[in-house]
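Engineer: Going by the numbering used here, the final residue of the sequence shown carries number 519, and the count climbs one at a time with no gaps.
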Amino acid sequence: MSAPPTCGFYPSSSLTDAQWAIIEPLLPAPGNTAGRGGRPEKHPRRLVLDAIFYLVRGGIAWRQLPVGFPPPTTVYDRFRAWAKAGVWQAVHDALRDLVRVYEGHDPQPTAAIIDSQSVRGADTVPRASRGYDAGKKINGTKRHLAVDTGGLLLAVIVTMAGLQDRDAAHRLLTGLRERFTTITLVWADAGYAGRLLVWARNVLHLTVQIVKRTEPGFVVLPRRWVVERTFAWISKHRRCVRDYETKPGHHEAMIHIAMIMTMSRRLARTGNWWPKFPDAH
239 MSAPPTCGFY PSSSLTDAQW AIIEPLLPAP GNTAGRGGRP EKHPRRLVLD AIFYLVRGGI
299 AWRQLPVGFP PPTTVYDRFR AWAKAGVWQA VHDALRDLVR VYEGHDPQPT AAIIDSQSVR
359 GADTVPRASR GYDAGKKING TKRHLAVDTG GLLLAVIVTM AGLQDRDAAH RLLTGLRERF
419 TTITLVWADA GYAGRLLVWA RNVLHLTVQI VKRTEPGFVV LPRRWVVERT FAWISKHRRC
479 VRDYETKPGH HEAMIHIAMI MTMSRRLART GNWWPKFPDA H
């Protein structure tokens with residue numbers, strides 16, 4: 239039998255030429271071209287990325303990838319290796335800086351919004367990394383996000399769903415402070431009120447301002463709606479609607495990939511963004 243043809247173009251997930259031109263320079267060099275030896279990569283990187291994006295967008299299992307893509311084990315190994323090496327976060331952070339500069343902002347933000355979202359865990363999520371959120375009645379995991387005033391992701395951690403927001407916020411805000419020394423103000427909901435505010439001010443020199451609900455029912459709250467929109471962007475990618483990952487770090491990588499897809503499409507539509515950030519290469 240002849241070899242199966244490569245996969246066609248999937249409008250919801252495949253990289254366009256403009257997206258590939260943006261992402262390719264941000265990827266790490268292959269081992270055999272960086273002076274460290276090793277075999278040449280058998281499958282084109284663009285096709286491997288298309289397979290990963292297809293899986294994240296469609297919410298399928300690794301072994302359900304269409305036959306035209308590289309073997310599922312090869313695609314998963316690349317995803318896992320890059321998650322371990324921090325490649326997904328590095329690519330995401332570079333794209334976030336590009337988007338901020340193109341929109342007329344400084345790459346370093348001065349304010350952030352934090353919130354959490356509980357998601358159901360599949361049977362592939364081990365008991366050690368899952369829990370029960372009694373408030374939302376969800377058995378699974380919880381992702382804690384910090385975003386800038388435009389909704390772009392600044393930091394994310396994944397914990398068991400039973401962990402209180404104010405407890406997880408210690409890790410989230412510590413990571414936020416390590417990456418962004420320019421941030422001085424953080425908005426949050428009432429779930430973060432209490433000793434966290436004093437600790438953040440005294441230890442991290444961050445002012446955490448609580449945005450309270452003033453009216454019953456559905457109300458668009460100032461600042462808090464921004465992070466809710468980010469959750470919506472992430473949830474458009476079905477692999478992130480439910481947690482299927484055996485490691486919290488892999489779920490964090492899935493969130494980074496979802497935002498990479500979102501931001502690369504936004505940049506690709508602008509056309510002439512490179513001159514605004516010449517150091518991106």
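We treat Cβ as the ideally placed atom computed from N, Cα and C, and that holds for glycine.
Nearest to Arg283 by CA position, among Val294, Pro304, Ala259 and Arg295, is which residue?
Structural biologist: Taking the sequence shown and counting its residues from 1, one reaches residue 283 at position 45. Of the listed residues, the one whose Cα sits closest to Arg283 is Ala259.
Engineer: For Met239, which of helix, strand or coil comes out of DSSP?
Structural biologist: Working through the sequence shown from its first residue, we reach residue 239 at position 1. In this prediction, Met239 has a pLDDT of 36, which is less than 50 and means its spatial position is unreliable; what the coordinates show is noted afterwards. Taken through DSSP and simplified to helix, strand or coil, Met239 comes out as coil.
Engineer: What residues in its chain sit with their C-beta under 8 Å from that of Ile290, if we drop five residues either side in the sequence?
Structural biologist: In the sequence shown, counting from the first residue as 1, residue 290 sits at position 52. Once the five neighbours on either side are set aside, the close Cβ partners of Ile290 are Val313, Arg316, Phe317 and Ile495.
Engineer: How many Å lie between Ile421 and Ser473 at the Cα?
Structural biologist: Taking the first residue of the sequence shown as 1, we reach residue 421 at position 183. Taking the first residue of the sequence shown as 1, we reach residue 473 at position 235. Their Cα atoms are separated by approximately 27 Å.
Engineer: Are the beta-carbon atoms of His382 and Val394 separated by less than 8 Å?
Structural biologist: Numbered from its first residue, the sequence shown carries residue 382 at position 144. Numbered from its first residue, the sequence shown carries residue 394 at position 156. Less than 8 Å separates the beta-carbon of His382 from that of Val394.
Engineer: Per DSSP, Tyr370 is paired with what?
Structural biologist: As a first step, residue 370 must be located in the sequence shown, where it is residue number 132. DSSP output for Tyr370 lists Asn377 as bridge partner(s).
Engineer: Between Gly359, His330, Thr468 and Lys374, which lies nearest to Ser502 when the distance is taken from Cα to Cα?
Structural biologist: To locate residue 502, count along the sequence shown from 1; it is residue 264. Closest option to Ser502, Cα to Cα, is His330.
Engineer: Strictly by DSSP, which residues pair up with Ser324?
Structural biologist: As a first step, residue 324 must be located in the sequence shown, where it is residue number 86. Strictly speaking, residue 324 in this sequence is Gly, with Ser absent from that position. In the DSSP output, where bridge partners are listed per residue, Gly324 has none listed.
Engineer: Which one of Arg507, Gly388, Ile351 and Glu483 has the shortest CA to CA distance from Leu293?
Structural biologist: The residue given as residue 293 occupies position 55 in the sequence shown. Among Arg507, Gly388, Ile351 and Glu483, the Cα nearest to that of Leu293 is on Glu483.
Engineer: Using a threshold of 8 Å, state whether the C-beta atoms of Leu411 and Ala431 are closer than that.
Structural biologist: Position 173 of the sequence shown, counting from 1, holds the residue named residue 411. Position 193 of the sequence shown, counting from 1, holds the residue named residue 431. Taking 8 Å as the cut-off, the beta carbon of Leu411 is found no closer than this to the beta carbon of Ala431.
Engineer: Does the stretch 340-347 touch the stretch 394-408, meaning 3 or more C-beta pairs lie closer than 8 Å?
Structural biologist: no
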